[in-house]
Every structure is written in C-alpha cells, then in structure tokens.
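Enquirer: Have a look at this one before I ask anything.
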Amino acid sequence: MRKTYTTTQGDMWDLIAKRLYGAEVSLNVLLEANQQYADIVVFPAGIVLEVPEYTAPVTSTLPPWRR
Numbered sequence: 020m021r022k023t024y025t026t027t028q029g030d031m032w033d034l035i036a037k038r039l040y041g042a043e044v045s046l047n048v049l050l051e052a053n054q055q056y057a058d059i060v061v062f063p064a065g066i067v068l069e070v071p072e073y074t075a076p077v078t079s080t081l082p083p084w085r086r
C-alpha cells in the first residue's frame, strides 16, 4: 500500500517535508514523487500527495548542536 498525505489549506512543501520526514531539506523527495504539483507553492486543502519512503543520510560533519 502506498503512503499518501492529504494537504490542508496553507500547507507548503517545506512544512509537509518537516512533518513527514523531520527535515525541510527532504522536500526534494516529495517534489520528485509529485511533479504534477511542482508549480504549487501554497496548497489548497484536499490534494493527495504520494509519500515515498525516505531516510535522511547520516553525516558526522554537523556541529554538535545539530546532531
């Protein structure tokens, strides 16, 4: 079964990525999976987005306060 996310009024790509993946930088994963909505900046309610599996890469170059 594919995972989906239904937008609410005012959702934006970075906010959705933060909710689903824990980091705004993962919004590219969402954009790639939902290219038909790439021109939308602020979503209306009710758009169903595909949510692919994604695990953020682990890096040790982050400063201690970001780990």
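Counting from 20, one number per residue, gives the positions in the sequence shown under our numbering. Positions of the beta carbon are idealized from the N, C-alpha and C atoms, including for glycine.
1. With 16 other CB atoms within 10 Å as the buried threshold, where does residue 26 fall?
2. In chain order, which continuous runs of the beta strand (DSSP E) of length 3 or greater are located wholly inside the region 35-83?
3. Could you compute how far the alpha carbon of residue 60 sits from the alpha carbon of residue 23?
4. For the beta strand (DSSP E) that residue 25 lies in, which residues bound it at each end?
5. If distances are taken between C-alpha atoms only, which option among 33, 77, 46 comes closest to residue 71?
Expert: With the given structure in hand:
1. Your numbering for residue 26 matches position 7 in the sequence shown. Buried.
2. For the region 35-83, the full-length beta strand (DSSP E) segments reaching 3 residues or more read 67-69 along the chain.
3. Residue mapping note: residue 60 aligns to position 41 of the sequence shown, counting from 1. Residue mapping note: residue 23 aligns to position 4 of the sequence shown, counting from 1. Cα-Cα distance, rounded: 19 Å.
4. Numbered from its first residue, the sequence shown carries residue 25 at position 6. That run of the beta strand (DSSP E) goes 23-25.
5. Counted from its first residue, the sequence shown places residue 71 at position 52. Checked all of 33, 77, 46; the closest Cα to residue 71 is 46.
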